[in-house]
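The block underneath contains the structure these notes are about, expressed in structure tokens.
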Amino acid sequence: MKCSKCGREAVYHARYEGKYYCHKHFNEMVEKKVKQTVRKYRMIKRGERIAVGVSGGKDSVVLLHLLAKLRKKFPFEIVAITIDEGIEGYRPPSVEIAKKNAELLGIEHHVYSFKEYIGFTLDETVQIMGSFEKGERVGACSYCGVWRRWLLNYAAQDVQADKLAIGLNLDDEAQVFLMNIMRGDIARLGRTGPYYEVIHEDLVPRIKPLREVPEKEIVLYAVLNNIEVDFSECPYAVEAFRAEIRDWLNEMEEKHPGTKYQILRSYDKLFPILAKHYAKRELNRCKICGQPTTGEICKACQFKLQVQKKAKELGLTFKVE
Ligand SMILES: [Zn+2]
Ligand SMILES: [Zn+2]
8 MKCSKCGREA
18 VYHARYEGKY
28 YCHKHFNEMV
38 EKKVKQTVRK
48 YRMIKRGERI
58 AVGVSGGKDS
68 VVLLHLLAKL
78 RKKFPFEIVA
88 ITIDEGIEGY
98 RPPSVEIAKK
108 NAELLGIEHH
118 VYSFKEYIGF
128 TLDETVQIMG
138 SFEKGERVGA
148 CSYCGVWRRW
158 LLNYAAQDVQ
168 ADKLAIGLNL
178 DDEAQVFLMN
188 IMRGDIARLG
198 RTGPYYEVIH
208 EDLVPRIKPL
218 REVPEKEIVL
228 YAVLNNIEVD
238 FSECPYAVEA
248 FRAEIRDWLN
258 EMEEKHPGTK
268 YQILRSYDKL
278 FPILAKHYAK
288 RELNRCKICG
298 QPTTGEICKA
308 CQFKLQVQKK
318 AKELGLTFKV
328 E
């Protein structure tokens with residue numbers, strides 16, 4: 008097939024718009040999409056300092072490259088942040104990849120580890136909490152998700168960033184939207200959306216510049232442009248429900264190209280209404296760590312206390328390296 012723009016050999020078929028792209032025009036299309044998303048929702052202002060959460064995986068690494076490119080069009084600062092959860096065999100290589108990409112782009116890079124800032128690696132947490140009876144047991148992903156969110160916000164503040172950019176793509180946005188609908192959790196949809204609002208002075212606003220880029224295009228962008236990314240999956244990831252939604256969504260996209268974009272558009276139309284209704288919540292400061300929370304003690308600190316308690320009961324001590 009030939010590129011719809013220039014007639015050269017096509018490398019990609021965007022079925023949702025019925026167009027073919029050569030390598031050059033594919034790059035342009037993806038870069039333009041990100042630029043327009045950033046502009047449409049005023050995600051980045053001139054001169055701002057943007058922290059980018061870079062795990063080393065395809066989405067976050069491609070995001071770093073795309074923002075580095077965008078920075079040439081209008082000036083803003085970028086600082087890369089990597090959270091090291093402490094997952095043996097999985098995390099060390101991806102931290103390395105994040106570091107290499109930041110170096111390549113001349114972007115300052117900082118690593119924040121669970122071990123240092125929470126007190127336990129995720130492996131240790133699973134070791135302590137994992138082997139318990141049902142009911143008591145919360146999956147590794149629950150700890151990891153809460154702590155990662157907490158530490159990303161901490162890190163973004165620590166590097167004095169105005170915003171925190173995360174590598175969520177179109178597929179992620181559509182999946183999360185459907186999951187929340189299917190769980191009846193509409194309130195959650197009102198809290199994160201296409202744009203952010205400043206909710207609390209200590210909550211660094213999150214932006215999602217890749218939310219209009221399909222996962223497929225991110226993978227292809229990395230491959231075509233020889234960007235080194237980590238494709239391995241977290242050994243603890245067992246989000247069964249999400250996997251079902253993902254497969255179903257891919258099937259629908261196959262049968263009805265454009266489905267994912269339509270879901271995103273529906274979300275975008277609903278968001279202002281939902282945000283108005285649900286987003287305004289009074290936030291306190293956590294009594295332990297001082298970060299914003301709806302209750303007295305934030306979830307990250309609650310989890311930390313649970314693990315500390317259990318470790319003590321088991322007579323385990325973990326030294327901070
Ligand atoms: Zn072309
Ligand atoms: Zn706290």
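Numbering-wise (my numbering), the sequence shown opens with residue 8 and increments by one. We treat Cβ as the ideally placed atom computed from N, Cα and C, and that holds for glycine.
On the three-pair Cβ rule with 8 Å, is the region 20-30 touching the region 64-83?
no
Quick one: what's residue 118 bridged to in DSSP?
89
Exposure label - residue 293; buried when at least 16 CB within 10 Å
buried
State yes or no: is the C-beta of residue 243 within less than 8 Å of the C-beta of residue 148?
yes
Check whether the Cβ of residue 308 sits closer than 7 Å to any heavy atom of ligand 2, and report yes or no.
yes
Which value, in whole angstroms, describes the spacing of the CA atoms of residue 55 and residue 84?
6 Å
With a threshold of 7 Å (Cβ to nearest heavy atom), would residue 28 be considered close to ligand 1?
yes
Measure the C-alpha to C-alpha separation of residue 255 and residue 323 and round it to an integer number of angstroms.
44 Å
Just list the residues that DSSP pairs residue 208 with in beta bridges.
None; residue 208 has no bridge partner.
Does the Cβ-Cβ distance between residue 22 and residue 264 come in under 8 Å?
yes
State buried or exposed for residue 192, treating a residue as buried only when at least 16 other CB atoms are found within 10 Å of its CB.
exposed
Please report the residue range of the alpha helix (DSSP H) in which residue 64 lies.
It is not in any alpha helix (DSSP H) - residue 64 carries neither H nor E in the DSSP assignment.
What runs of the beta strand (DSSP E), each 3 residues or longer, lie entirely inside the region 132-194?
170-172
Report whether the distance from the Cβ of residue 10 to the nearest heavy atom of ligand 1 is below 7 Å.
yes
With DSSP run on the structure shown, which of helix, strand or coil describes residue 232?
coil
State yes or no: is the C-beta of residue 20 nearer than 7 Å to some heavy atom of ligand 1?
no
Return the chain-ordered list of same chain residues with a C-beta closer than 7 Å to the C-beta of residue 17, the five sequence neighbours on each side being excluded.
8, 9, 10, 27, 28, 29
Heavy atom of ligand 1 within 7 Å of residue 39 beta-carbon
no
Ligand 1 and residue 13: does the residue's C-beta get closer than 7 Å to at least one heavy atom of that ligand?
yes
Member of 63, 239, 52, 303 whose CA lies at the smallest distance from the CA of residue 118:
63
DSSP beta-bridge partners of residue 300:
291
With a cut-off of 8 Å on the beta carbons, I'd call residue 77 and residue 87 a contact; round off their distance for me.
Actually they are not in contact, since the Cβ atoms of residue 77 and residue 87 sit about 15 Å apart, beyond 8 Å.
CB of residue 58 within 8 Å of CB of residue 168, strictly
yes
Own chain, CB closer than 6 Å to residue 114, minus 5 neighbours either side, in chain order:
85, 87
Is any non-hydrogen atom of ligand 2 found closer than 7 Å to the C-beta of residue 164, if you look at the structure I gave you?
no
Could you check how far apart the C-beta atoms of residue 97 and residue 273 are, in whole angstroms? I think they sit under 8 Å.
That belief does not hold up - the Cβ atoms of residue 97 and residue 273 are roughly 35 Å apart, past 8 Å.
Taking the Cβ atom as the reference point for each residue, do residue 282 and residue 200 lie within a distance shorter than 8 Å?
yes
Which of the three DSSP states is assigned to residue 21 in this structure?
strand
Compute the beta-carbon to beta-carbon distance between residue 121 and residue 93, rounded to the nearest angstrom, for a pair I have assumed lies under 8 Å.
5 Å
Range covered by the alpha helix (DSSP H) that runs through residue 247:
247-262
Closer than 6 Å by C-beta to residue 141: which residues in its own chain qualify, once you throw out the five before and the five after it? Chain order, please.
Here residue 141 scores only 48 on pLDDT, less than 50, and its place in the model is too uncertain to base an answer on.
Pick helix, strand or coil for residue 16, following the three-state DSSP scheme.
strand
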